[in-house]
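Report on one structure; see the data block that follows.
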Amino acid sequence: MILTITTTHQPATDLGYLLHKNPARAQSFDLSFGRAHVFYPEATVERCTAALLLDIDTVGLVRNRRGPSGEGFSLEQYVNDRPYAASSFMSVAIARVFAQALSGKSRDRQEMAETAIPLQAKLAALPCRGGERLLRKLFEPLGYAVAASGHLLDEKFPEWGESRYFTVTLEASLRLSELLAHLYVLIPVLDDEKHYWVGSDEVDKLLRHGGEWLASHPERELIVNRYLKYQRRLTSEAIARLMDEDQPDPDSVESQQAHEEEEVEEKISLNEHRLRAVTEALSRCGARRIIDLGCGEGRLIKRLMADSRLEEIWGMDVSYRALEAASERLRLDRLPQKQRDRIRLIHGSLTYRDRRLEGFDAALCVEVIEHLDAARLSAFERVLFEFARPRAVILTTPNIEYNIRFEGLPAGRFRHRDHRFEWTRREFQMWAADVSHRFGYAVEFAPVGEEDSEAGPPTQMAVFKVDKG
Ligand code: SAH
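Residues in the sequence shown are numbered from 0 upward in steps of one, following numbering that gives the first Met the number 0.
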């Protein structure tokens, strides 16, 4: 397993100062799983290459119980790809051997450490579960030119097909610390080997090295899930901390309370009224690409799928568990490919700017804003109306005046324990008018559900459209 890093930034041998490793001298380091060697195959003023070679002690790994677990056949403990393939060991080695460089520090060339320089990283035998497509999806958004050549399982038997190993070259102009952090996080993500135990300090490591760039990476969920080996408690902690959300675990809040609101509102089947009102308003917008923000378990998406005018239907939610339930409800893995291609579920939070939300004809936001902390509302307004800027927004929220008509609901209580506020008609209309004024939208209001002569409708809806005038 070998990683080489090359620069043509002159004098190229300054790479040695960035890595804190002298180009004139080969060095070796003991690690818990073997030895790492650093040397420079080329070191001229024009071009300098540093190599990190791992020599993994497979037998030692088994003795120390750090190798593949006892699953599978026993010889597998000794005969496996670990000595040859770049894997999580490479990340550990990067963090140990290039610790200073990874943290962006250089004793003698700090300015250079903070400068984007042309860098090329090459990894031989990088295992990629998900193939070249995934490799590109991970590195290209970070600005890399990616070249990959696959390896056959066995050159003598080409009919056996491709293996999952690639020789990969990544090129970009960036800081060395960024390159190292990308490799540190993404090599194990590509490998996706499930054999090692993930402790909660892995969340810290992921956030330390991924903090800045991971939050806006389009494959953020996949990266976090694979890196943390799909352990839900850790992944939601990581996503929440990435987003700096100081909120309770969205999954547990959602699952405990999902049905409370439904029970309160049941008598008038308000949910049905709402779905119909939103669907009708949407169909008047003539939208083709739409996104359901805070889509929950996907009820609205399910209904919208029947509308063939909608070419793309996305759903976004902060709760990973809700998205899993949505995926089940929509039977995503069993849909014909053409249908499947219309739908996409993404994990994210409405209080953080997210480029994936840009370019939609319409965004739906049904019974979501009351779940946001009032202090985060202004962030939400900018995320949706300033940055995502769909041509139309259809938004609903409870009308608190109507709560006195719900028999099961004690006076003064909100309809759902997770609601942070509920608004009167006047409060909602003032808010919506202010938002549309500030961001250049026109807004209209409509009641949803059976209206009470005094308390008004149980749900209130606003339809915002980009104001051309
Ligand atoms: N729109 C759905 C679900 C409403 S419940 C429906 O009408 O049935 C509110 C949803 O908002 C929940 O699924 C919750 O997880 C989601 N949510 C709460 N805060 C969010 C945030 N900051 N970003 C995105 N979704 C959020």
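From the three backbone atoms N, C-alpha and C, an ideal C-beta is built for every residue, glycine too.
None of these values were measured; they are calculated from a predicted model.
Check your understanding: For LYS467, does the count of other Cβ atoms within 10 angstroms reach 16, so buried, or fall short, so exposed?
Key -> As a working mapping, residue 467 is identified with position 468 in the sequence shown. Exposed, by the Cβ-count rule.
Practice item. Measure from the C-beta of ARG352 to each C-beta in chain B and report whether the shortest distance is under 8 Å. Key: No chain B appears in the structure shown, which is made up of a single protein chain.
**Study point:** Straight-line Cα distance separating ARG355 from PRO187
**Key:** By 1-based counting over the sequence shown, the position of residue 187 is 188. By 1-based counting over the sequence shown, the position of residue 355 is 356. Roughly 25 Å between the two C-alpha positions.
Exercise for review: Starting from the C-beta of MET111, find all residues in its chain whose C-beta is less than 8 Å away, skip the five residues before and the five after it, and write them out in chain order.
Suggested key: Position 112 of the sequence shown, counted from the start, is the residue given in the question as residue 111. HIS8, ASP13, TYR16, LEU17 and SER105.
Exercise for review: Assuming ASP360 and ARG425 form a contact by the criterion Cβ under 8 Å, report the distance between their Cβ atoms to the nearest whole angstrom.
Suggested key: Within the sequence shown, numbered from 1, the residue matching residue 360 stands at position 361. Within the sequence shown, numbered from 1, the residue matching residue 425 stands at position 426. Not really, about 30 Å apart at Cβ, beyond 8 Å.
**Study point:** Residue from ARG333, GLU406 and THR43 whose Cα sits closest to the Cα of THR5
**Key:** Counted from its first residue, the sequence shown places residue 5 at position 6. Cα-wise, what sits closest to THR5 is THR43.
Exercise for review: Pull up the CB-CB distance for ILE300 and LEU329, whole angstroms please, since I reckon it's below 8 Å.
Suggested key: Residue numbering aside, residue 300 sits at position 301 when the sequence shown is read from its first letter. Residue numbering aside, residue 329 sits at position 330 when the sequence shown is read from its first letter. ILE300 to LEU329, Cβ: 6 Å. Contact.
Review point. Run through DSSP, which three-state label would ASP29 get?
Key: Here residue 29 corresponds to residue number 30 of the sequence shown, with the count starting at 1. ASP29: strand per DSSP, three-state reduction.
**Study point:** Length of the line joining the Cα atoms of ASP451 and SER282
**Key:** The count along the sequence shown starts at 1 and reaches residue 451 at position 452. The count along the sequence shown starts at 1 and reaches residue 282 at position 283. Distance between the alpha carbons of ASP451 and SER282: 27 Å.
Point to revise | Check: ALA11 C-beta below 7 Å from any heavy atom of the ligand ADP | key: In the structure on display, the ligand ADP does not appear, and the ligands it does have are the ligand SAH.
Review point. In its own chain, which residues sit with a C-beta less than 8 Å from the C-beta of MET304, not counting the 5 before and 5 after it?
Key: Against the sequence shown, residue 304 aligns to sequence position 305. Once the five neighbours on either side are set aside, the close Cβ partners of MET304 are ILE312, LEU329, GLN338, ARG341 and ILE342.
**Study point:** Span separating the alpha-carbon of ARG46 from that of GLU218
**Key:** Taking the sequence shown and counting its residues from 1, the one referred to as residue 46 is at position 47. Taking the sequence shown and counting its residues from 1, the one referred to as residue 218 is at position 219. Between ARG46 and GLU218, the C-alpha separation is close to 33 Å.
Check your understanding: What did DSSP end up calling GLN9 once you bin it into helix, strand or coil?
Key -> Locating residue 9 in the sequence shown gives position 10, counting from the first residue. If DSSP states are grouped into helix, strand and coil, GLN9 belongs with coil.
**Study point:** Rounded straight-line distance, which links the Cα of SER31 to that of THR166
**Key:** Here residue 166 corresponds to residue number 167 of the sequence shown, with the count starting at 1. Here residue 31 corresponds to residue number 32 of the sequence shown, with the count starting at 1. Answer to the nearest angstrom: the Cα atoms are 26 Å apart.
Exercise for review: Give the C-beta separation of MET315 and ILE393 to the nearest angstrom, bearing in mind that I take them to be a contact with Cβ-Cβ under 8 Å.
Suggested key: In the sequence shown, counting from the first residue as 1, residue 315 sits at position 316. In the sequence shown, counting from the first residue as 1, residue 393 sits at position 394. Actually they do not touch by this definition, with Cβ atoms about 15 Å apart.
Point to revise | Residues of its chain near ALA144, where Cβ-Cβ distance is below 6 Å and the 5 sequence neighbours each way are ignored | key: As a first step, residue 144 is located in the sequence shown; it is residue number 145 there, counting from the start. Only GLU170 meet the Cβ criterion.
Point to revise | PRO457, DSSP secondary structure in three states | key: Position 458 of the sequence shown, counting from 1, holds the residue named residue 457. DSSP places PRO457 in coil when its eight states are reduced to three.
Exercise for review: Kindly list the residues whose CB is nearer than 7 Å to the CB of ASP191, restricted to its own chain and excluding five residues on each side of it in sequence; keep chain order.
Suggested key: In the sequence shown, the residue the question calls residue 191 occupies position 192. Here the set comprises ARG128 and ARG225.
Check your understanding: At what residues does the alpha helix (DSSP H) containing THR278 begin and finish?
Key -> As a working note, residue 278 is residue 279 in the sequence shown. Element bounds for THR278: 269–284.
Practice item. Check whether the Cβ atoms of GLU380 and VAL434 sit closer than 8 Å, and answer yes or no. Key: As a first step, residue 380 must be located in the sequence shown, where it is residue number 381. As a first step, residue 434 must be located in the sequence shown, where it is residue number 435. Yes. Within cutoff.
Exercise for review: Label MET429 either buried or exposed according to how many other C-beta atoms from any shown protein chain fall within 10 Å of its C-beta, with 16 as the threshold for buried.
Suggested key: Counting from 1 along the sequence shown, the entry for residue 429 is found at position 430. Result: exposed.
Point to revise | GLY358 (DSSP reduced to helix, strand or coil) | key: Numbered from 1 along the sequence shown, position 359 holds the residue referred to as residue 358. Residue state, collapsed to three classes: coil.
Review point. Given that a residue counts as buried once 16 or more other Cβ atoms are within 10 Å of its Cβ, and exposed if not, what is ASP353?
Key: Here residue 353 corresponds to residue number 354 of the sequence shown, with the count starting at 1. Burial call: buried.
Point to revise | Closer than 7 Å: CYS294 CB and nearest the ligand SAH heavy atom | key: For the purposes of this step, residue 294 is identified with residue 295 of the sequence shown, where counting begins at 1. Yes, the beta carbon of CYS294 sits closer than 7 Å to at least one heavy atom of the ligand SAH.
Check your understanding: Just to check, is the beta-carbon of ALA321 closer than 7 Å to a non-hydrogen atom of the ligand SAH?
Key -> Walking along the sequence shown from the start, residue 321 turns up at place 322. Checking every heavy atom of the ligand SAH against the Cβ of ALA321, one is found closer than 7 Å.
Exercise for review: Within its chain, find whatever has a CB closer than 7 Å to the CB of ALA94; leave out the 5 residues flanking it on each side and keep chain order.
Suggested key: For the purposes of this step, residue 94 is taken as the residue at position 95 of the sequence shown. Only LEU101 and TYR183 meet the Cβ criterion.
Check your understanding: Does the Cβ of LEU349 lie closer than 7 Å to at least one heavy atom of the ligand SAH?
Key -> Here residue 349 corresponds to residue number 350 of the sequence shown, with the count starting at 1. Result yes, Cβ under 7 Å from the ligand SAH.
Check your understanding: Short check: CB of LEU189 to CB of PRO126, under 8 Å?
Key -> For the purposes of this step, residue 189 is taken as residue 190 along the sequence shown, with counting starting at 1. For the purposes of this step, residue 126 is taken as residue 127 along the sequence shown, with counting starting at 1. Taking 8 Å as the Cβ cut-off, LEU189 and PRO126 qualify as a contacting pair.
Review point. Which one or two residues does DSSP pair with TYR440 in a beta bridge?
Key: Taking the sequence shown and counting its residues from 1, the one referred to as residue 440 is at position 441. Beta-bridge pairing links TYR440 to VAL465.
Point to revise | Alpha carbon of ASP29 to alpha carbon of PRO40, nearest angstrom | key: Locating residue 29 in the sequence shown gives position 30, where the first residue counts as 1. Locating residue 40 in the sequence shown gives position 41, where the first residue counts as 1. Distance between the alpha carbons of ASP29 and PRO40: 21 Å.
Exercise for review: Whole angstroms is fine: what's the gap from GLY358's alpha carbon to GLY285's?
Suggested key: Locating residue 358 in the sequence shown gives position 359, counting from the first residue. Locating residue 285 in the sequence shown gives position 286, counting from the first residue. Rounded to the nearest angstrom, the two C-alpha atoms are 15 Å apart.
**Study point:** Beta-carbon proximity check, GLU421 vs GLU369, cutoff 8 Å
**Key:** Within the sequence shown, residue 421 is the residue found at index 422, counting from 1. Within the sequence shown, residue 369 is the residue found at index 370, counting from 1. A contact, by the Cβ cut-off of 8 Å.
**Study point:** Sequence ranges, beta strand (DSSP E) only - wholly within the region 327–409, length at least 3
**Key:** 342–346, 361–365 and 391–397
Exercise for review: Report the rounded CA-to-CA distance for ALA49 versus LEU309, giving the unit in angstroms.
Suggested key: For the purposes of this step, residue 49 is identified with residue 50 of the sequence shown, where counting begins at 1. For the purposes of this step, residue 309 is identified with residue 310 of the sequence shown, where counting begins at 1. Each residue's Cα considered, the two are about 52 Å apart.
Exercise for review: Give me the Cβ distance between VAL96 and LEU51, rounded to the nearest whole Å; I'm assuming they're in contact under 8 Å.
Suggested key: Along the sequence shown, one-based indexing puts residue 96 at 97. Along the sequence shown, one-based indexing puts residue 51 at 52. 6 Å between Cβ atoms; contact.
Practice item. Please classify MET315: does DSSP put it in a helix, a strand, or coil? Key: In the sequence shown, counting from the first residue as 1, residue 315 sits at position 316. It is a strand residue.
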